[in-house]
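To start, the structure itself, in C-alpha cells.
2 protein chains.
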Amino acid sequence: MPRAWHLKSRPNGMPTSDNFELKEVTLADLADGQVRVRNRWLSVDPYMRGRMNDVKSYVPPFQVGEPLEGGAVGEVVESRADGFAPGDLVMHMAGWREEAVVPTAGLNKLPSIPGIGEQAFLGNLGLTGGTAYWGLLDAAQAKAGDIVFVSAAAGAVGSAVVQIAKAKGMTVIGSARGPEKCDFVKSLGADAVIDYKAGPLVKSLAEAAPKGIDVYFDNVGGDHLDAAFAHARKDARFAICGMIDGYNSGEPMAFRYIMRVIAMRIMLKGFIFTDYMPRMGEFIADMGQMVASGQVKERDTIVDGLENTPDAFLGLFTGKNTGKMLVRL
Amino acid sequence: MPRAWHLKSRPNGMPTSDNFELKEVTLADLADGQVRVRNRWLSVDPYMRGRMNDVKSYVPPFQVGEPLEGGAVGEVVESRADGFAPGDLVMHMAGWREEAVVPTAGLNKLPSIPGIGEQAFLGNLGLTGGTAYWGLLDAAQAKAGDIVFVSAAAGAVGSAVVQIAKAKGMTVIGSARGPEKCDFVKSLGADAVIDYKAGPLVKSLAEAAPKGIDVYFDNVGGDHLDAAFAHARKDARFAICGMIDGYNSGEPMAFRYIMRVIAMRIMLKGFIFTDYMPRMGEFIADMGQMVASGQVKERDTIVDGLENTPDAFLGLFTGKNTGKMLVRL
Numbered sequence: 109m110p111r112a113w114h115l116k117s118r119p120n121g122m123p124t125s126d127n128f129e130l131k132e133v134t135l136a137d138l139a140d141g142q143v144r145v146r147n148r149w150l151s152v153d154p155y156m157r158g159r160m161n162d163v164k165s166y167v168p169p170f171q172v173g174e175p176l177e178g179g180a181v182g183e184v185v186e187s188r189a190d191g192f193a194p195g196d197l198v199m200h201m202a203g204w205r206e207e208a209v210v211p212t213a214g215l216n217k218l219p220s221i222p223g224i225g226e227q228a229f230l231g232n233l234g235l236t237g238g239t240a241y242w243g244l245l246d247a248a249q250a251k252a253g254d255i256v257f258v259s260a261a262a263g264a265v266g267s268a269v270v271q272i273a274k275a276k277g278m279t280v281i282g283s284a285r286g287p288e289k290c291d292f293v294k295s296l297g298a299d300a301v302i303d304y305k306a307g308p309l310v311k312s313l314a315e316a317a318p319k320g321i322d323v324y325f326d327n328v329g330g331d332h333l334d335a336a337f338a339h340a341r342k343d344a345r346f347a348i349c350g351m352i353d354g355y356n357s358g359e360p361m362a363f364r365y366i367m368r369v370i371a372m373r374i375m376l377k378g379f380i381f382t383d384y385m386p387r388m389g390e391f392i393a394d395m396g397q398m399v400a401s402g403q404v405k406e407r408d409t410i411v412d413g414l415e416n417t418p419d420a421f422l423g424l425f426t427g428k429n430t431g432k433m434l435v436r437l
Numbered sequence: 109m110p111r112a113w114h115l116k117s118r119p120n121g122m123p124t125s126d127n128f129e130l131k132e133v134t135l136a137d138l139a140d141g142q143v144r145v146r147n148r149w150l151s152v153d154p155y156m157r158g159r160m161n162d163v164k165s166y167v168p169p170f171q172v173g174e175p176l177e178g179g180a181v182g183e184v185v186e187s188r189a190d191g192f193a194p195g196d197l198v199m200h201m202a203g204w205r206e207e208a209v210v211p212t213a214g215l216n217k218l219p220s221i222p223g224i225g226e227q228a229f230l231g232n233l234g235l236t237g238g239t240a241y242w243g244l245l246d247a248a249q250a251k252a253g254d255i256v257f258v259s260a261a262a263g264a265v266g267s268a269v270v271q272i273a274k275a276k277g278m279t280v281i282g283s284a285r286g287p288e289k290c291d292f293v294k295s296l297g298a299d300a301v302i303d304y305k306a307g308p309l310v311k312s313l314a315e316a317a318p319k320g321i322d323v324y325f326d327n328v329g330g331d332h333l334d335a336a337f338a339h340a341r342k343d344a345r346f347a348i349c350g351m352i353d354g355y356n357s358g359e360p361m362a363f364r365y366i367m368r369v370i371a372m373r374i375m376l377k378g379f380i381f382t383d384y385m386p387r388m389g390e391f392i393a394d395m396g397q398m399v400a401s402g403q404v405k406e407r408d409t410i411v412d413g414l415e416n417t418p419d420a421f422l423g424l425f426t427g428k429n430t431g432k433m434l435v436r437l
C-alpha cells in the first residue's frame, strides 16, 4: 500500500519531526474523470507552515490525522479520464505521498520543453517561478532601471526574482546568509549581495544601495522589511510574498522606519501566486523563454526518499536549501 | 514690528513650550510680485512635528533660530503683485506669525462661497479636507459599499474622512478617545465608534466591524494599524496618512498581525496632500459641493492669540482638539 505523510500534531513554534507521521493509505478505485498518479518529485515550501496552524488563511489548514498536501510532479499509472494516459507526466497538489487519486480538475499535463527537466514545473515554471514573476512585475510593478532589493535571495523564490529582475534590466541587491549562499546569489547576476548575519541590515543595505531602493521583494519580514522602509526612495513599491521570520516565532515584528511609508509614498502589497492563475499562459510564455534562453537558471537542493520529506521541509527554516528544495522519490 | 514664532531648540520626544520662541521680525520692503499679508488664522497640524527633527523628509526640516512655517489665512495689506489688492483674503504657508511678505507663487486667493467662513480653507477646503478626500478616494480607492475604519476620527482629518465616506455611501467605524469625542464622531454620521482607551483595539474593532474592514484610513499607526491588519478583509486597502503614535516616542512600532498582508492581499499606501495639488480644482468642486450641502461640516477648536500658538500645537498630541485646531489672531 502507498504511504503518505500525515499531520500528527500541530506545531507550537518551530515544527519538529514529531509533528509528522508516515502511514499507509488505501486508495479508492478510480471513478470516471480520475487518474492514479505515482509521484516522482515533491515540493516543500515555507507557506506550508501556515497551513499547519488551525487558522483560516488563504488556503485551508491541514487537519490533524489527515494527509498533508503540496505541489508534486508524477506519472499517470492508471487513467479513467479523457486526455490522460499512463506515462503522462502531470503536476498536481497531492504531494507528501507516493501515490494519489486525482480528478482532472486538479491536474496539469506537463508540456515537453527541450532541455527543461520535469521538476522545473515545481520550480521556475511552477509555483516558485510564478510567485517571483508576478510579485516582481505585477504586485511591485518593477520596471527596467529600478533598484530592486530581494530578501532570501538564495532561496527558491528569491533566486528566481534575482534572475528575472536582471533579465528585465533592473539593478538587484540580494540578501542571503553566509558566504556560500552569497556567492550563489552573485553567480545569479546580482549587482550586490548582503550577508545578513554579518551586521545590521539597515547599515548593510545603505552600503549596498547608496541611492536607495525602488522595489523590495519581501520573503522574510522583520528586520529586512524595516531596512527596506529605511532605504526606500520616493514612490517605492514593496511586494510582500512571505515573512518567514514570523512563521514560527509568533512574536510581533517591530519596525523603526515604518513611518517612512508616508514621506516616501511607499506602496506595499501582499499577493499570492494563485491569484494569477488566469494569467498562467502569459507567465509560461515569458518565463519559458527566459528559462530556455538560460537567463533564468534552476538550482535545486534535492533530498532523496519520501522518508526524508519532513526533514526537507524543516530545512527551509534553518537555511538548508540553496534554490528550490525538492524531494525525489 | 510683527512677531513670529521661531524654533528655539529641537525637541527630544514630546515638544515643550521651551522649544519655541516668539521674536520680532523685520520684513523686507516689497519686491515686484510680492504682497504683505496680515494673518487672521493659523493652522497647526501634527505633521509639523516631523519638521522639528533634523531629518530630510517630504518637507525640509525647520531650522533652529529660524521662523516656523505653516498654513495660514490672511488679508493682503500691501501689494506689488498683479491680481492682488489690499483687502484680498489669501491662503499661504507663512503661518506662525503676524505678518509676512509672500510672493504670488505662494498665494491662493480665496474664492467667496456663500456660507463658508474663510478659515474653512485651512480645514475642509484646505490641507485637512484635501488630505481626507484624496487619502480615502485615491490612495485607498474607497468606494460605495466599503466598510471603512478611520483612526483619530474626532481629529481634523479623521472627522472629514468620516463625513466624506458617509456622503459616498460607505459604512464607517471611527476611533476616538473618551465619551465626548466618541459622541462627536457619532454625530458626524459614523455607524460605529470605538473608544480606543476603553479596551484592546483588536477586540473592539472585531465587535464594531464583525464582517471585517475593506479600507483603513490611518492617522495613528501602532495598535490601530495592527488592529486593521487583524480585521482586514480580502483585497483591503490602507491609506497611510499619519502615525501620530510615533511622532514623539521614537520607539519602534510592533505588529502582531502584519503577516495578514499576504493572506488578505492587503495594499497599503503612504500619501501626502501636496501630491494632489494638480487635482485641486477637482477637489474643490466635489468637496465644495459636499460642504455647501451640509454633508461635510466643519468643527473647529479655536485658540485665540498668537502667543498661544505653541500651546495649540502641543494640544494636538494630548487630544485637546475636536476637529480642526486653529489659532485666531
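As they're listed, the protein sequences go chains A and B. In our numbering, each residue's number is its place in the first sequence (first place is 1) plus 108. In our numbering, each residue's number is its place in the second sequence (first place is 1) plus 108. All C-beta atoms in this analysis are idealised placements derived from N, C-alpha and C, irrespective of residue type, glycine included.
Beta-bridge partners of residue i, as assigned by DSSP
i, result
"M433(A)", "T409(A)"
"D303(B)", "A284(B)"
"I255(A)", "T279(A)"
"F128(B)", "L115(B)"
"A362(A)", "A362(B)"
"W149(B)", "V181(B), R436(B)"
"A202(A)", "G178(A)"
"I321(B)", "A340(B)"
"L376(A)", "F346(A), L376(B)"
"D326(B)", "I348(B)"
"K217(B)", "V198(B)"
"G263(B)", "G431(B)"
"E186(A)", "R144(A)"
Chain B contact for residue i (CB, 7 Å cutoff)
i, result
"K377(A)", "yes"
"A260(A)", "no"
"R146(A)", "no"
"M351(A)", "yes"
"R345(A)", "no"
"I348(A)", "yes"
Beta-carbon proximity of residue i to residue j, cut-off 7 Å
i, j, result
"A261(A)", "V310(A)", "no"
"L391(A)", "L235(A)", "The question names Leu, yet the displayed sequence has Phe at residue 391(A). Going by C-beta atoms, F391(A) is not nearer than 7 Å to L235(A)."
"V270(A)", "L296(A)", "yes"
"G354(A)", "M367(B)", "yes"
"A180(B)", "L135(B)", "no"
"V258(B)", "F325(B)", "yes"
"M201(A)", "N216(A)", "no"
"V210(A)", "V301(A)", "no"
"V184(B)", "D196(B)", "yes"
"A338(B)", "M372(B)", "no"
"M109(A)", "E129(A)", "no"
"D137(A)", "R188(A)", "no"
Start-to-end residues for the beta strand (DSSP E) that takes in residue i
i, result
"K342(B)", "340 to 348"
"P211(B)", "207 to 211"
Neighbour flag for residue i against chain A, beta carbons, 7 Å
i, result
"G243(B)", "no"
"V369(B)", "yes"
"G354(B)", "yes"
"M361(B)", "yes"
"M160(B)", "no"
"I278(B)", "Per the sequence shown, the amino acid found at residue 278(B) is Met instead of Ile. Not one chain A Cβ lies under 7 Å of M278(B)."
"R364(B)", "yes"
"R157(B)", "no"
"I374(B)", "yes"
Boundaries (first-last residue) of the alpha helix (DSSP H) holding residue i
i, result
"K311(A)", "309 to 316"
"A400(A)", "388 to 400"
"A139(A)", "A139(A) -> no alpha helix (DSSP H), and no H or E assigned at all."
"V193(B)", "One detail in the question is off: residue 193(B) reads as Ala in this sequence, not Val. Neither: A193(B) is in no alpha helix (DSSP H) and is coded neither H nor E."
"I370(B)", "368 to 371"
"T239(A)", "235 to 242"
"D419(A)", "417 to 423"
"M156(A)", "156 to 159"
Contacts around residue i, its chain only, beta-carbon distance under 7 Å, and the 5 residues preceding and following it disregarded
i, result
"I221(A)", "G396, A400"
"A298(B)", "A261, V270, V280, I281, G282"
"G231(B)", "G237, A264, E406, D408, K432"
Neighbourhood of residue i by C-beta distance below 6 Å, restricted to the same chain and skipping five residues each side
i, result
"A284(A)", "A261, A262, C290, V293"
Residues of its chain near residue i, where Cβ-Cβ distance is below 8 Å and the 5 sequence neighbours each way are ignored
i, result
"M398(B)", "Q271, I272, A275, V404"
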